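Asker: Once you've had a glance at the structure underneath, I'll fire off some questions.
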Amino acid sequence: MAVFSKIKGNYKKNFPLSKFTWFQTGGKAEFFYMPNHIEDLKSFLKKVKKIPIHIIGGGSNVLVRDGGVSGFVIKLGRGFDFIKLEDEYILCGASVKNINLSKTLAKNNIKGYEFLSTIPGTVGGCIFMNAGCFGNEIKNFIKSIIVINRNAKILELNKKSISFSYRSSGIKKNYFIIGAKLKLIPGQASVAKKKIKQLIAIRKKTQPIKSLTGGSTFLNPKTKKAWELIKKAGCEKFKVGDAEVSSKHNNFLINKGKASSSDLEMLGNKIKKKVFQKFGIKLNWEIKIIGSKK
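One gets the numbering used here by counting positions in the sequence shown from 1 and adding 1386 to each.
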């Protein structure tokens, strides 16, 4: 497309998205764009006002369907990967990896963010989904979120204006997270580092971190744990093609190597059906599914 010839950043057609997802499955993006700086992104958005856009972070909690994604898929580049310690808050870019944020803050005597060391992906995706674990959620540390809209206007949303809920930020569809201001909570580096090691050790014991997985598959219903429902419904050994339920944690689906996105989605739907038949409880996907089927 000639209109993009002068836009800075990495721009490609028919780009295989399996390179950027933890499942390593799925089709191609019709157009793929990686802006390295905010000015690149602003220039880009001014030229694509009517073209569908999806933003992916670390690719850890997303399933790209085999038919690929029409329009643009954006992955924020190096200019959005920064952590700045200000006097009263932490300024963080959306493409910072959660584990890097956790370890950097611990090293600088800031506590509270240790749990992020066990959440795959980036800060932008973490905020968008209000990710959490070990009794904490990212919403507890937000002062404000910095977004850019489809008209390339940058906005700062204070926490009171954000409708955080379980695994959701309520961010508007055409708002894209580019950064955040986070609470600065003084602590001790040695204590925070020790806690990070402990939490990572727990994650290694309880989750299939060496497998091709998209992380937690289904949201927990209000009074139940998804993994317990899956196990009690007899789904723990379910398979579709090369996709299967993790024996280490039943709320994780695994690509054994040759699974398609269709296999994984079919497996998830098979589990949902069985759990509903057994308990009358509807499981909802936590993994974000994008694109079209073949």
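Ideal placement from N, C-alpha and C gives every residue a C-beta, glycine not left out. Computed from a predicted model, the values in this text were never measured in an experiment.
Beta carbon of G1573, beta carbon of N1495: below 7 Å?
Answerer: Cβ atoms of G1573 and N1495: closer than 7 Å.
Asker: I'd like to know whether the C-beta atoms of G1445 and F1417 end up nearer to each other than 7 Å.
Answerer: Not in contact: G1445 and F1417 (Cβ atoms no closer than 7 Å).
Asker: Going by alpha carbons, who is nearest to A1566 out of T1592, L1471, N1606?
Answerer: Residue L1471 is the option with its Cα nearest to A1566.
Asker: Who pairs with N1535 in a beta bridge, going by DSSP?
Answerer: Answer by DSSP bridge pairing, in chain order: Y1561.
Asker: Is E1622 helix, strand or coil by DSSP?
Answerer: Three-state DSSP puts E1622 in coil, outside helix and strand.
Asker: Using 8 Å as the threshold, is the region 1490–1504 in touch with the region 1520–1536, meaning 3 or more CB pairs across them?
Answerer: At 8 Å Cβ cutoff, the stretches touch.
Asker: Looking at the secondary structure, which residues open and close the beta strand (DSSP E) in which S1456 lies?
Answerer: That run of the beta strand (DSSP E) goes 1455–1460.
Asker: What is the DSSP secondary structure of G1350, counted as helix, strand or coil?
Answerer: Not covered by the structure: residue 1350. The range shown for the chain is 1387 to 1680.
Asker: Between the beta-carbon of I1673 and the beta-carbon of H1440, is there less than 7 Å?
Answerer: No.
Asker: Taking 8 Å as the cut-off, does the region 1583–1598 touch the region 1610–1626 (at least 3 CB pairs, one atom from each stretch)?
Answerer: No, the region 1610–1626 does not touch the region 1583–1598.
Asker: For H1440, which residues does DSSP report across the bridge?
Answerer: Note: H1440 sits in a beta bridge opposite V1459.
Asker: Could you check if N1484 is buried or exposed, using at least 16 other CB atoms within 10 Å of its CB as the buried criterion?
Answerer: By the 10 Å Cβ count, N1484 comes out buried.
Asker: Can you round the beta-carbon distance between F1665 and A1619 to whole angstroms, since I take them to be within the 8 Å contact cut?
Answerer: Right, their Cβ atoms sit about 7 Å apart.
Asker: Which same chain residues, not among the five before or five after W1671, have their C-beta less than 8 Å away from its C-beta?
Answerer: Excluding sequence neighbours, W1671 sits near T1603, F1604, L1605, G1654.
Asker: What is the DSSP secondary structure of L1669, counted as helix, strand or coil?
Answerer: Looking at L1669 - three-state DSSP - the assignment turns out to be coil, as it is neither helix nor strand.
Asker: What residue range does the beta strand (DSSP E) around A1629 cover?
Answerer: Per DSSP, A1629 belongs to the beta strand (DSSP E) from 1629–1631.
Asker: Look at the Cβ atom of G1510, then the Cβ atom of I1563, and state whether they are nearer than 7 Å.
Answerer: Contact flag set, yes.
Asker: Among all the DSSP beta bridges, which residues are the ones paired with K1398?
Answerer: Paired residues: F1418.
Asker: When the distance is taken between beta carbons, is F1527 closer than 7 Å to K1489?
Answerer: The answer is no: Cβ separation not under 7 Å.
Asker: Contact defined as beta carbons within less than 8 Å: I believe N1560 pairs with N1535. What is the distance between those atoms, to the nearest angstrom?
Answerer: Yes, N1560 and N1535 are in contact; Cβ-Cβ is about 6 Å, under 8 Å.
Asker: Do you know whose CA, among R1553, K1656, A1578, lies nearest K1608's CA?
Answerer: Comparing Cα positions, the closest option is R1553.
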